Every structure is written in C-alpha cells, then in structure tokens.
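Asker: Quick one: this structure, given as structure tokens, is what I'll be asking you about.
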Amino acid sequence: MPPRKSRARKPVQDSVEEPEERMFVNPSTVSPHLFCPICQEPFVHPMRAPCGHSFCKTCIEPWLKTNPICPVDRKGIHIGSLHHDFIVESMIGDYTVACPWRSLGCDFIGPLHSLPTHKKQCLVNPGTMPPVLREHALATSQPPPKRMALTSQSPSTSQESGVVDGDDSVVFSDDEDNLPPAPPPNLLLRLYHNSDTQSRDLLCDFIGTSSVVLPSPRLSRGGGMRARRRTTYRLPR
Numbered sequence: 001m002p003p004r005k006s007r008a009r010k011p012v013q014d015s016v017e018e019p020e021e022r023m024f025v026n027p028s029t030v031s032p033h034l035f036c037p038i039c040q041e042p043f044v045h046p047m048r049a050p051c052g053h054s055f056c057k058t059c060i061e062p063w064l065k066t067n068p069i070c071p072v073d074r075k076g077i078h079i080g081s082l083h084h085d086f087i088v089e090s091m092i093g094d095y096t097v098a099c100p101w102r103s104l105g106c107d108f109i110g111p112l113h114s115l116p117t118h119k120k121q122c123l124v125n126p127g128t129m130p131p132v133l134r135e136h137a138l139a140t141s142q143p144p145p146k147r148m149a150l151t152s153q154s155p156s157t158s159q160e161s162g163v164v165d166g167d168d169s170v171v172f173s174d175d176e177d178n179l180p181p182a183p184p185p186n187l188l189l190r191l192y193h194n195s196d197t198q199s200r201d202l203l204c205d206f207i208g209t210s211s212v213v214l215p216s217p218r219l220s221r222g223g224g225m226r227a228r229r230r231t232t233y234r235l236p237r
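When we follow full-length UniProt numbering, the leftmost residue of the sequence shown carries the number 1, and every step to the right adds one.
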C-alpha cells in the first residue's frame with residue numbers, strides 16, 4: 001500500500017475577519033515601551049530576541065531574512081533564536097480597544113485580549129455574513145474618521161535602529177469622546193439576524209436580485225400631472 005501523502009494545510013487569511021487595525025480607546029496611554037522599533041506601532045504578536053529587544057513577528061522575520069542582526073543594537077541573531085514574548089503581549093492585552101467594525105454599528109469596548117473572542121461573536125462581523133449582505137453592509141457603512149498613526153515616544157529607539165524616521169510624539173488625547181460613535185446597525189443586517197433560516201435566504205435573494213419599482217410622476221406643460229412612468233430603482237449595495 002503506497003504511503004499516504006500529507007497535504008499541507010493552507011493558512012486561512014481573510015482581511016475582513018482579521019483586520020490589522022486595532023482601535024485603542026486611549027491611544028496616548030499606551031506605554032512607549034510597548035512599541036515595535038521597526039514599525040513604530042504597538043506590538044502585534046511580539047517576538048523577543050536573545051539580546052532582549054522585542055519586535056512584531058511580521059516585522060522582525062522579514063528583516064532577518066536580509067539583515068541577520070538586531071535592528072536596535074546590531075547584534076547577530078537569527079529567526080530560530082526568537083521566542084514569543086508573552087509578558088509584553090499580556091501587557092498590551094490589558095489596554096482598552098473598540099470593535100474594528102464600529103463603523104458598522106458595533107459598540108463593543110473592552111480589553112484587547114478579549115477582542116478575538118468578541119470578533120467571533122460580533123453580529124456585524126463581515127466575515128460571518130453572506131457575501132451579498134457583506135457587500136451591501138460595507139458599501140453603505142460610514143467610514144470612521146482617519147486617526148493619526150501611533151508612534152513611539154522613545155527617540156533613542158528609533159535613532160539607534162535606523163528603521164523609521166519622523167515625528168516621535170504622540171498626538172492623541174485621553175478623552176474617550178474622540179472615539180468615533182457607533183452608528184445604528186444596518187436595517188437589512190438587523191432583519192437578517194432577527195429572522196429564521198428560510199427568511200434569511202429570502203432576504204439575501206432579495207438583496208441580490210430584486211428591484212424596487214416606484215412610480216415616477218411627471219408634470220405636463222400646463223403644470224398638471226401626466227401619466228406616471230414606472231421607474232426601477234436598484235437596491236443600493
């Protein structure tokens with residue numbers, strides 16, 4: 001019997017389900033020691049080098065492929081010598097963040113470490129919607145105001161690393177009112193979640209294929225109403 005071939009599992013990557021942006025409620029309170037020296041953003045999956053410096057996993061691994069040295073102190077390191085920095089990750093996990101789909105109507109606010117669990121249960125998570133409903137929800141949502149990128153307050157780190165140049169000041173306020181308000185959830189989205197399976201299927205078919213037919217009144221030359229022409233309006237997506 002020929003040996004069974006093992007098939008490599010393909011990583012599941014969905015930009016909708018796993019957005020990169022983390023919306024900190026009070027960004028200026030994030031300690032400057034919790035910023036990656038390479039990207040100058042709060043650590044994402046921090047990895048610690050033998051020399052004691054930590055970096056985002058997605059920052060340091062590409063760096064070491066072309067520069068097998070620490071970006072901060074220039075000591076030689078390799079990818080195999082890195083290990084997950086659980087202490088730094090737990091410190092960042094205590095900071096308060098908002099749901100990344102706040103613009104779709106989710107008002108969740110909680111610690112960062114609870115965000116993965118919330119995203120799996122979030123009613124407005126586009127990754128759990130049928131494609132036609134997701135397209136409509138994203139097309140009709142109001143994008144939140146752009147917020148300036150977080151930058152480290154430690155000038156020595158960026159100067160030593162030689163990775164990022166620019167203003168090292170933090171420009172955020174501690175006022176939670178600066179957080180973009182969560183609008184009411186999309187009406188069709190609410191109908192979808194409040195319906196049974198059969199009704200959900202009908203709603204998706206309606207969104208994808210139906211048109212709303214409305215009369216279009218026209219004025220005659222004398223100012224009176226002429227015969228109404230039926231005008232078809234496609235449901236906005």
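Don't be surprised by glycine CBs; every beta carbon is placed ideally from N, CA and C. As the structure is a prediction and not an experimental result, all values here were calculated from the model.
Going by the DSSP bridge assignment, what does Met47 pair with across the sheet?
Answerer: Reading the sequence shown from its first residue, position 47 is the one you call residue 47. DSSP lists Phe55, His84 as partners of Met47.
Asker: Just list the residues that DSSP pairs Val97 with in beta bridges.
Answerer: Counting from one through the sequence shown, the residue named residue 97 turns up at place 97. For Val97, which the question treats as bridged, DSSP gives the partners Phe24, Gly110.
Asker: Report the three-state DSSP secondary structure of Asn125 (helix, strand or coil).
Answerer: Working through the sequence shown from its first residue, we reach residue 125 at position 125. Asn125 falls in the coil class under three-state DSSP.
Asker: Once DSSP output is grouped into helix, strand and coil, what is the label at Pro183?
Answerer: Taking the first residue of the sequence shown as 1, we reach residue 183 at position 183. Reduced to three states, the DSSP call for Pro183 is coil.
Asker: Taking all protein chains shown into account, do 16 or more other C-beta atoms lie within 10 angstroms of the C-beta of Gly222, making it buried, or fewer, making it exposed?
Answerer: Counting from 1 along the sequence shown, the entry for residue 222 is found at position 222. Because the pLDDT at Gly222 is just 47, under 50, the model does not fix this residue reliably, and the value given afterwards should be weighed accordingly. Looking at its Cβ environment, which holds fewer than 16 other Cβ atoms inside 10 Å, Gly222 is exposed.
Asker: Does the count of Cβ pairs from the stretch 82-93 and the stretch 43-52 closer than 8 Å reach three?
Answerer: Output reads yes: the stretch 43-52 touches the stretch 82-93.
Asker: Would the beta-carbon of Leu115 fall within 7 Å of that of Ala137?
Answerer: Taking the first residue of the sequence shown as position 1, residue 115 is located at position 115. Taking the first residue of the sequence shown as position 1, residue 137 is located at position 137. Not a contact, by the Cβ cut-off of 7 Å.
Asker: Rounded to whole angstroms, what's the CA-CA distance from Cys59 to Pro68? Just pull it up for me.
Answerer: Start at 1 with the first residue of the sequence shown, and residue 59 comes out as number 59. Start at 1 with the first residue of the sequence shown, and residue 68 comes out as number 68. The straight-line gap from Cα to Cα measures roughly 13 Å.
Asker: Between the Cα of Pro81 and the Cα atoms of Ile207, Pro111, His53, Asp201, which residue gives the shortest distance?
Answerer: The sequence position of residue 81 within the sequence shown is 81, counting from 1. A small fix is needed here, since residue 81 is Ser in this sequence, not Pro. Per the Cα distances, His53.
Asker: So Cys70 and Ile77 are in contact, right, with Cβ under 8 Å, and what is the actual spacing, rounded?
Answerer: Here the question's residue 70 lines up with position 70 in the sequence shown. Here the question's residue 77 lines up with position 77 in the sequence shown. Sure, about 5 Å apart at Cβ, within 8 Å.
Asker: Helix, strand or coil for Pro116, going by three-state DSSP, please let me know.
Answerer: In the sequence shown, the residue the question calls residue 116 occupies position 116. Note: Pro116 maps to helix in three-state DSSP.
Asker: Would Arg74 be called buried (16 or more neighbouring beta carbons within 10 Å of its own) or exposed?
Answerer: Along the sequence shown, read from residue 1 onward, the residue named residue 74 stands at position 74. Exposed is the call here.
Asker: Are the Cβ atoms of Leu203 and Tyr192 separated by less than 7 Å?
Answerer: On the sequence shown, residue 203 is found 203 positions in, with the first residue counted as 1. On the sequence shown, residue 192 is found 192 positions in, with the first residue counted as 1. Yes. Within cutoff.
Asker: How close, in whole Å, do the beta carbons of Tyr95 and Phe24 come, if the pair is a contact with beta carbons under 8 Å?
Answerer: For the purposes of this step, residue 95 is taken as residue 95 along the sequence shown, with counting starting at 1. For the purposes of this step, residue 24 is taken as residue 24 along the sequence shown, with counting starting at 1. That pair is a contact at about 6 Å.
Asker: Classify Pro42 as helix, strand or coil using the three-state DSSP reduction.
Answerer: Mapped onto the sequence shown, residue 42 falls at position 42. The answer is strand: DSSP assigns Pro42 an E or B state.
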